[in-house]
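Numbering (our numbering), first residue to last: 1140 to 1937.
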């Protein structure tokens, strides 16, 4: 803080006050010397010295002596202005008032003026010295008075402002050098500081107006006070921080950009390997962080098409029915196409003027997009896609922003490409699985429509198409007959039949090669010939009602034979790429093989059913022959087979085993074919020797059936049906669960049927007696679990 007295400098002090007073005063002295007694002068000198001391705060010795009434000795006179210098005037002198007091006065005045001139020169030298320091300082120094006018400014300040010192001094600082938008704010603060309503702001930053524009200055402020502590001036030292702030802003922008890159890559890397989700993140970051209004990410498809995979905001309608290409066609001449072809960013500074943007101009202006940037997505030196950005701010894509966005695109495209490659791998795997699924369907079913339904669902899901159908070729009528369809809005005539060469499907069948139509609504007529007006009208109505824009027809050919036609329809304006077409052709070939195989399997199945039926009829014929040979048991085999199946089903035996159980039950006495009629048909009881021969019939059954692979699974009953639960049976004496379950079941049924049937050597038992016998032998001859189920079924049947 600087303190400045308001009484003036010494030069002004003497010139303006003291000299005038001395002239007046010494005029009075002359009169006093001449007309008054000698002592009067001494008396008059006292108030003069006192007045001077009080008026100008002169400190030091006042009067060393007043001799008598006529002698004055001024020992020394000490004059001091605080902060400036010391002056010593006078020395011991003795003047007698008689004729010499006037000399004393003039000597005193002379010495005072001499000292003042010396002080003035010292002050001037000091001022020049400090001014040179003032100008050498490489900061701006400005002093303002209470009204805000410029009192002083150093050469650095003049250089900055671009004005000479004389052009600056006296001007209102706020009106002349502060921008309008800041003027009132800064002036208000200054006024409050001057008035004491606000503490001095020691550091402040604000822009100033220069001849060449404006600069940003950082000020350090200090107040100049008077001896009462009031602010009379403000001195400020300022440093031009424009460049510093620019560098700080650049560094902040770089740091911000690095954070964007880091956070973006972090988010992308942690996201699952999904192209659409990662593309969505990229587009969202561009809008929310980079400040564009709309963004979309697209893939450069083969044959010049650009396919949009994600956009942000996702609900923005800009890309509805949007077509853009990257080839040399008119739709490929915009920034998107050029960015993909050249591998460099393409900027449209003004969408209203750029001729290459004409196809999309109205659309862009409708949504307020005036600048467009297309940034290539490059991986392994191949441009695989594009990042398109739109802004409503003119000049949005500054060189710095353009460079950063391209850096951003370079950084994120690797994660996007990795996800795409991963998805391609997944897609190929899914397609292989689709083919495998169709193979399994072919191998596991002879139902043509079931196999085709599986195949067509795979076509729809793997290629994201809308509708598909299959017409099979009837070689006898030479017509394509409707078989199956999926995805159509309207009902297709299921009795539809189309001649070869008619409409599109007939052309595909006749030509035996695929037909692809991209703009179906407008160009389909060019692919057909000799079509009646009625058929043309019906097909036109069909296309319009279904809103189809894309068609792909493939002939189904296997082993050189035409089997039918597969038709694919899409409502969107798409084109299959080479890989998708190859997959569709392979899928069509697989469907053709499926149709051929299903037909073959159907033929084989029919033949197999006929053969199986022949086997069953043969077995039943053998059983009938056995019943005829063993007259006492006629119908026995069929009865025991039926009841055995009932018990086996109740005990949870599967249908596959039931087939073999039935066959075994029908052939249970097949071994008796080797027993002589003399023993088999003997009306009397058998001798021990004869009985031993009879007990060999299970062994003969095993020897007969084991040689027939088809009947070997049915051996358990013919071989073991005479085994008993307690081990007393034959031929091997098996016990408990050593006996096959089917044989245990049959043993109960066989004994029950034998007891209730007439024999040559006895009459049939009653039903109740036979049941009681079975119940009593449970746990000894028969399996208790089997007996329990047997009794339940017998009771149910009454």
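Just so it is clear, CB atoms sit at the ideal spot from N, CA and C, and this is done for glycine as well.
Distance, residue j Cα to residue i Cα
i: residue 1788; j: residue 1794; result: 8 Å
i: residue 1917; j: residue 1848; result: 35 Å
i: residue 1351; j: residue 1488; result: 28 Å
i: residue 1732; j: residue 1492; result: 58 Å
i: residue 1743; j: residue 1702; result: 19 Å
i: residue 1786; j: residue 1914; result: 16 Å
i: residue 1757; j: residue 1766; result: 14 Å
i: residue 1475; j: residue 1482; result: 10 Å
i: residue 1870; j: residue 1837; result: 7 Å
i: residue 1541; j: residue 1484; result: 8 Å
i: residue 1602; j: residue 1719; result: 7 Å
i: residue 1292; j: residue 1336; result: 27 Å
i: residue 1468; j: residue 1506; result: 25 Å
i: residue 1903; j: residue 1910; result: 13 Å
i: residue 1655; j: residue 1575; result: 26 Å
i: residue 1614; j: residue 1726; result: 23 Å
i: residue 1754; j: residue 1666; result: 56 Å
i: residue 1881; j: residue 1748; result: 25 Å
i: residue 1605; j: residue 1798; result: 46 Å
i: residue 1282; j: residue 1419; result: 59 Å
i: residue 1919; j: residue 1850; result: 31 Å
i: residue 1932; j: residue 1589; result: 40 Å
i: residue 1331; j: residue 1325; result: 10 Å
i: residue 1635; j: residue 1621; result: 5 Å
i: residue 1633; j: residue 1607; result: 14 Å
i: residue 1317; j: residue 1349; result: 9 Å
i: residue 1892; j: residue 1584; result: 42 Å
When the options are compared against residue i, the one with the closest alpha-carbon
i: residue 1573; options: 1645, 1723 and 1672; result: 1723
i: residue 1466; options: 1284, 1449, 1443 and 1283; result: 1443
i: residue 1884; options: 1818, 1815, 1874 and 1790; result: 1790
i: residue 1776; options: 1908, 1331, 1890 and 1601; result: 1890
i: residue 1288; options: 1755, 1280, 1887 and 1314; result: 1314
i: residue 1774; options: 1783, 1824 and 1762; result: 1762
i: residue 1278; options: 1709, 1361 and 1375; result: 1375
i: residue 1618; options: 1649, 1708 and 1778; result: 1649
i: residue 1463; options: 1559, 1430 and 1499; result: 1499
Limits of the alpha helix (DSSP H) - the one that residue i falls within
i: residue 1684; result: 1672-1685
i: residue 1903; result: Note, residue 1903: premise wrong, no alpha helix (DSSP H); not H, not E.
i: residue 1833; result: 1827-1833
i: residue 1307; result: 1304-1307
i: residue 1298; result: 1294-1300
i: residue 1852; result: Per DSSP, residue 1852 belongs to no alpha helix (DSSP H) and is neither H nor E.
i: residue 1837; result: 1836-1844
Same chain only: Cβ atoms within 7 Å of residue i, ignoring 5 sequence neighbours per side
i: residue 1923; result: 1917
i: residue 1535; result: 1510
i: residue 1518; result: 1552, 1553 and 1556
i: residue 1935; result: none
i: residue 1834; result: 1869 and 1870
i: residue 1912; result: 1894
i: residue 1717; result: 1441
i: residue 1928; result: 1786, 1789 and 1790
Residues near residue i by beta carbon distance below 8 Å, same chain, minus five either side
i: residue 1354; result: 1299, 1346, 1347, 1379 and 1381
i: residue 1760; result: none
i: residue 1238; result: Interpretation of residue 1238 is limited by its pLDDT of 41, a score under 50 that renders its predicted location unreliable; the figure taken from the coordinates is listed afterwards. Taken in chain order, the list of residues that qualify is empty.
Proximity test, residue i beta-carbon vs the ligand MG heavy atom, cut-off 6 Å
i: residue 1570; result: Of ligands this structure carries none, so the ligand MG is not represented either.
Residues of its chain near residue i, where Cβ-Cβ distance is below 6 Å and the 5 sequence neighbours each way are ignored
i: residue 1597; result: 1573
i: residue 1813; result: 1839
i: residue 1802; result: 1758 and 1853
i: residue 1856; result: 1803, 1804, 1807, 1881, 1882 and 1885
i: residue 1582; result: none
i: residue 1232; result: Because residue 1232 sits at a pLDDT of 38, beneath the cut-off of 50, its placement in the model cannot be relied upon, and the point is left open.
i: residue 1863; result: 1920
i: residue 1321; result: 1345
Endpoints, beta strand (DSSP E) assigned at residue i
i: residue 1604; result: Where residue 1604 is concerned, there is no enclosing beta strand (DSSP E), given that its DSSP letter is neither H nor E.
i: residue 1894; result: Counting along the chain, residue 1894 falls outside any beta strand (DSSP E), though it belongs to the alpha helix (DSSP H) covering 1880-1894.
i: residue 1703; result: 1700-1709
i: residue 1281; result: 1279-1284
* Enumerated in chain order, which unbroken segments of the alpha helix (DSSP H) with a length of 4 residues or greater are wholly contained in the stretch 1752-1792? -> Scanning the stretch 1752-1792 from its first residue to its last, the whole alpha helix (DSSP H) runs of 4-plus residues come out as 1775-1789.
* To do: Only counting runs of 4 or more residues, tell me where the alpha helix (DSSP H) segments fall wholly within the stretch 1553-1602, in order along the chain.
  => Those alpha helix (DSSP H) runs which fall completely within the stretch 1553-1602 and span 4+ residues are 1587-1602.
* To do: Taking only runs that begin and end inside the stretch 1437-1521, name each unbroken beta strand (DSSP E) of 3 or more residues, in chain order.
  => For the stretch 1437-1521, whole beta strand (DSSP E) runs of length 3 or above, ordered along the chain, are 1445-1451, 1485-1487 and 1510-1518.
* Scan the stretch 1310-1398 and note each continuous beta strand (DSSP E) run of 3 residues or more that stays entirely inside, going in chain order. => Counting only runs of at least 3 residues, the stretch 1310-1398 fully encloses the following beta strand (DSSP E) elements, listed from N- to C-terminal order: 1342-1349, 1352-1364 and 1370-1379.
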